[in-house]
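Here's the structure, in structure tokens; my notes come after.
2 protein chains.
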Amino acid sequence: MKPIEFTIEKNIPNALGRAGVLKTPHGTILTPSFVPVGTKATVKGMTQDMLIGLGAQVVLANTYHLYLQPGDELVRDAGGLHRFMSWDGPLMTDSGGFQVFSLGAAYGKGISKVLHPADASMQIPERSTADDGVPRLATIGNDGVSFRSHLNGSLHYITPEKSMEIQHNLGADIIFAFDECTSPTEDRRYQEEALHRTHSWAKRSLDFHKSKDISAHQALFGIVQGGRDEDLRRMSAQTIAEMKTAAGEMFDGFGIGGSFEKADLHSAVRWVNEVLPEDKPRHLLGIGEPEDLFLGVENGVDLFDCVAPSRNGRNGTLYTKDGKIHIVNTKYRTDFTPIESDCGCYACSKYTKGYIAHLFHAKEMLAGLLCTIHNLYFITHLVADMRRAIIDATFPDCKEKFLSRYQAGKDI
Amino acid sequence: MKPIEFTIEKNIPNALGRAGVLKTPHGTILTPSFVPVGTKATVKGMTQDMLIGLGAQVVLANTYHLYLQPGDELVRDAGGLHRFMSWDGPLMTDSGGFQVFSLGAAYGKGISKVLHPADASMQIPERSTADDGVPRLATIGNDGVSFRSHLNGSLHYITPEKSMEIQHNLGADIIFAFDECTSPTEDRRYQEEALHRTHSWAKRSLDFHKSKDISAHQALFGIVQGGRDEDLRRMSAQTIAEMKTAAGEMFDGFGIGGSFEKADLHSAVRWVNEVLPEDKPRHLLGIGEPEDLFLGVENGVDLFDCVAPSRNGRNGTLYTKDGKIHIVNTKYRTDFTPIESDCGCYACSKYTKGYIAHLFHAKEMLAGLLCTIHNLYFITHLVADMRRAIIDATFPDCKEKFLSRYQAGKDI
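So the sequences go chain by chain: U and Z.
Numbers 1 to 412, taken from the numbering used here, label the letters of the first sequence in order.
Numbers 413 to 824, taken from the numbering used here, label the letters of the second sequence in order.
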């Protein structure tokens, strides 16, 4: 029995992109689709009714965070993550690999998933070593990763099998193989070494997961890594795509991992998706800015998750069709129009920029809530629009129209 | 033209309490009714749909806070408070008097509306003087109050006429006369002096308000003060009840003000409501704990507002029929039942105590939101239940049943 079913409805002519339908044990996801992130079993500030109202089809929670708090066994005892967080729709959990990376090589360096050239203050760290004077919370070995909790300093050890066990306890519909996410600036030798580890961990994740009955209800996605090197990316995609258990069982879908530089994103995704089999879903991990979503969809990505829309919202940065705006700018204090007059989100249907600006200045909780609703609505609907454009065979037009207006936006 | 209409549907036999219907320009309030507080034009964390869902019929905003931020003229320019905060139902604004008191005599003393004997750490301040070494942000004169903004230290001067102007700009359906709220521990001489001032300010508020066309759409409530002295309370009620403009216009309803000690609440409310005319609504300012609500309703109060239910919610203290509980108590971590299984609020219909406890431990925004929803639902429905009991002639039974169970609660 297959835990998920994926069918392609339409392709973008002369490109890798496609519109599909992904059936999971907790409902159907129309792809491409943006997946809001509920790190600690909650998309920050959102009730489940709000999530449904803003168009979320599926939510991704973080294995690392839930393992530490409240603990995956507690979630299991609550009846699994769906019941614990009261979300009846499809759920994913990531592997914990990215968080281990964040607390290890990238700790304290402000590394995000995509390094935008505009982020002048962002330092790309050199190769992580024990003696570079930078504090580390994680140590990567070939068998697994030992790390200290960012909450209380307690020591933990995660292996691929342990990551699977945690994700089995959480019980999401789609789970990910344990992997090592490297910085794009690591040298070639380290990239190869890390990739070798990721593949070995993928095999152990696959073997462990498929040996359990629960694999009939939980799909396992293998993660492709390989940094910015074309041959490593293609080799990784091939390896993960062909990986099987002794009984011939394979991954149910794929994650594309990595901490990308803006310029690498396009090519890395294309290299990988040219290799991966067409009939299985592909999830680009941690990517969610509009430009990147268009690149991803065009190049064959079916699923995206990212904290950017919700985090930006809490900080008062709002997506609009004319680019991002900062709601705390003085000019919005007396602007009694919605964030976008043609937006169907709850915040735009009910409230004005002037009111939301007041809420931010007054440090009111409702400020972050309304902006999160708007941003998640904006991004989920943008990806839904891309899907419609693929089906209508107007994707290139949809992309050009959106980006020319979006990138001409002047506010920030 | 009268801005509001109030009719009594039924009285409690041999008591002052009554069930009524209060018609305002923005809809009808069935009384007695609890009024959630939206200090800065937002009931903290609540969307307007949540407020409607939890049973709010009317919201009270704070004149003092809105005058300072975003400014009453900005709210006027936005089309008034209803449009600014997108609340189509009845709205009230208080007079600013209590906040002036809080920032003046009570500043830094943690004075709340009701001093419970259990609050052992609470110091009741001595009479405010300039030389007692306690910092003051407000100075009370006979013409008005000068105070410094708690936001930026800027100097402001509020007179009764200014309070009316601010409340006219805000445009609530029911507004309050400017008053001085004294501490129950002030000496008799000061109570008399303050009461004299409150009455003089009430007359100026009434004259100013009734001279404006807007008084056809905004009801003005006069505030009765008088501390814990029966003769002062009765005299104040008489004075405010009989107060008229030269053209014979009177207050549309009454507020009962004061910073009460628990033991005084019952008697003070009774003294006042024995004197006030029966045919106008009475609002007990800043009271909202279950025991106090029963006392208030029994003794003829029609409206209550209080921050306690929402503030307690944000702090994880939840009202239940078995008393208050602290959701962060260890035992709730693995309690996968709703806060109350027979509660119809969104939080109880959707989430468990274990999940909400996790949200609190993880410092997630949704924690405060869900607990605010539950507490406001609990209190608004408790007062609605009292109304039903008055109509069914079962109020004493309803009170006894609720309080015996509530007060036997063991959690805190």
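From the three backbone atoms N, C-alpha and C, an ideal C-beta is built for every residue, glycine too.
Remember, predicted model here, so these are calculated numbers, not experimental data.
Buried versus exposed call for residue i [16 or more other C-beta atoms within 10 Å across all chains shown]
i, result
"U/Thr39", "buried"
"Z/Arg648", "In the sequence as presented, Arg is not what sits at residue 648 of chain Z; that position holds Ser. So Z/Ser648 counts as buried."
"Z/Gly756", "exposed"
"Z/Lys813", "exposed"
"Z/Gln469", "buried"
"U/Arg388", "exposed"
"U/Lys2", "exposed"
"U/Pro338", "buried"
"U/Ile140", "buried"
"U/Lys280", "buried"
"U/Leu220", "buried"
C-beta neighbour in chain U for residue i, strict 8 Å
i, result
"Z/Gly448", "Per the sequence presented here, residue 448 of chain Z reads as Pro, with Gly not at that position. With 8 Å as the cut-off, Z/Pro448 does not count as an interface residue toward chain U."
"Z/Tyr479", "no"
"Z/Pro547", "Residue placement at Z/Pro547 cannot be trusted, given a pLDDT of 48 that sits under 50; what the coordinates show is reported in the next sentence. Z/Pro547 does not count as touching chain U."
"Z/Pro482", "yes"
"Z/Glu812", "no"
"Z/Leu486", "yes"
Beta-carbon spacing of residue i, residue j below 8 Å
i, j, result
"Z/Leu618", "Z/Gly634", "yes"
"U/Ile327", "U/Lys353", "yes"
"U/Ser383", "U/Leu295", "Note that residue 383 of chain U is Val in the sequence shown, not Ser. Result no, Cβ atoms of U/Val383 and U/Leu295 do not sit closer than 8 Å."
"Z/His438", "Z/Pro502", "yes"
"Z/Trp700", "Z/Phe716", "Sequence inspection shows Gly at residue 700 of chain Z; the Trp mentioned does not correspond to that position. Contact flag set, yes."
"Z/Phe672", "Z/Pro596", "yes"
"U/Ala41", "U/Ile390", "no"
"U/Leu285", "U/Val269", "no"
"Z/Lys811", "Z/Glu661", "no"
"Z/Gly491", "U/Phe336", "yes"
"Z/Pro448", "Z/Leu815", "no"
"U/Tyr346", "U/Gly53", "yes"
"Z/Ile586", "Z/Met458", "no"
"Z/Phe807", "Z/Ile424", "yes"
"Z/Leu855", "Z/Asp506", "With chain Z covering 413 to 824 only, the question about residue 855 of chain Z has no answer from this structure."
"Z/Asp714", "Z/Pro444", "yes"
Chain-order list of residues whose beta-carbon lies under 6 Å from that of residue i (same chain, five-residue window excluded)
i, result
"U/Ala118", "In this prediction, U/Ala118 scores a pLDDT of 36, lower than 50, which makes its location untrustworthy; no coordinate-derived value is stated."
"U/Gln238", "Val275"
"Z/Gly821", "Asp734 and Gly735"
"U/Phe34", "Phe304, Ile379, Thr380 and Val383"
"Z/Glu752", "Thr732 and Cys760"
"U/Arg228", "Pro184 and Asp264"
"Z/Met497", "Ala453"
Proximity test, Cβ basis, 8 Å: residue i and chain Z
i, result
"U/Leu366", "yes"
"U/Tyr377", "no"
"U/Leu359", "yes"
"U/Ser86", "yes"
"U/Leu369", "yes"
"U/Gly79", "yes"
"U/Tyr64", "no"
"U/Tyr157", "no"
"U/Ala61", "no"
"U/Gly354", "yes"
"U/Ala172", "no"
"U/Leu303", "no"
"U/Leu276", "no"
"U/Ala362", "yes"
Same chain only: Cβ atoms within 7 Å of residue i, ignoring 5 sequence neighbours per side
i, result
"Z/Thr746", "Gly766"
"Z/Asp555", "Thr571"
"U/Lys44", "Ser310, Arg314 and Thr372"
"Z/Asp500", "His438 and His494"
"Z/Leu607", "Gln637, Gly638, Leu644 and Ser648"
"Z/Thr419", "Gly432 and Val433"
Nonlocal neighbours in the same chain, by C-beta distance under 8 Å from residue i, ignoring five residues either side
i, result
"Z/Val636", "Arg645, Ser648, Ala649, Ile652, Phe666, Gly667, Ile668, Gly669, Val684 and Leu688"
"Z/Gly508", "Asn474, Thr475, Tyr476, Tyr479, Ile570, Ser575, Ile578 and Phe590"
"U/Thr245", "Leu206, Asp207, Lys210 and Ser211"
"U/Arg197", "Ile140, Asn142 and Glu180"
Heavy atom of the ligand ZN within 7 Å of residue i beta-carbon
i, result
"U/Met250", "As far as ligands go, the structure on display features none, and thus does not contain the ligand ZN."
Closer than 8 Å, Cβ to Cβ, to anything on chain Z: give me those residues from the region 26-58 of chain U, in chain order. Lys40, Ala41, Thr42, Lys44, Gly45, Met46, Thr47, Gln48 and Asp49
Taking a cut of 8 Å between CB atoms, which residues from the region 661-674 of chain Z lie near chain U? none
Mind listing which residues of the region 321-350 of chain U have their C-beta closer than 8 Å to chain Z's C-betas, in chain order? Arg333, Thr334, Phe336, Tyr346 and Lys350
To be precise: take each residue of the region 1-23 of chain U, compare its Cβ to all Cβ atoms of chain Z, and keep it if any distance is under 9 Å. Which residues remain? none
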